[in-house]
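Heads up: the structure comes next, in structure tokens.
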């Protein structure tokens, strides 16, 4: 009977493994082999760290909110444009 004992790794080891996998540009299979772990385990750690990180990041504005804000700004600028054009023409007339 061949029983395999689950090995536990420290949080620091996991973080370093994930950092190597994401920042080194090397194949994840090579990194996993170097560290003596399975590739699937490395991917589990990567996914866990990404999920953990996204939970701590503040939620961003939704696209529809941002679009509404930008459309309102465009309307405001379009309404100001004719006034500024008239003012520029008035002051240019005095310069001639």
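Numbering (this note's numbering), first residue to last: 87 to 182. Where a beta carbon is used, it is the ideal one built from N, C-alpha and C, also for glycine. Please read these numbers as outputs of a predicted model, since none were measured by experiment.
Tell me, to the nearest whole angstrom, how far the beta carbon of residue i is from that of residue j; I am working on the premise that it is less than 8 angstroms.
| i | j | result |
| --- | --- | --- |
| residue 131 | residue 93 | Actually they do not touch by this definition, with Cβ atoms about 13 angstroms apart. |
| residue 118 | residue 128 | 5 angstroms |
| residue 115 | residue 125 | 5 angstroms |
Would you mind reading off the limits of the alpha helix (DSSP H) that contains residue i?
| i | result |
| --- | --- |
| residue 162 | 149 to 181 |
| residue 100 | 97 to 109 |
| residue 114 | 114 to 121 |
Return the chain-ordered list of same chain residues with a C-beta closer than 8 angstroms to the C-beta of residue i, the five sequence neighbours on each side being excluded.
| i | result |
| --- | --- |
| residue 135 | 100, 101, 104 |
| residue 171 | none |
By Cβ distance, which residues of its chain are closer than 6 angstroms to residue i, with the 5 residues on each side in sequence left out?
| i | result |
| --- | --- |
| residue 174 | none |
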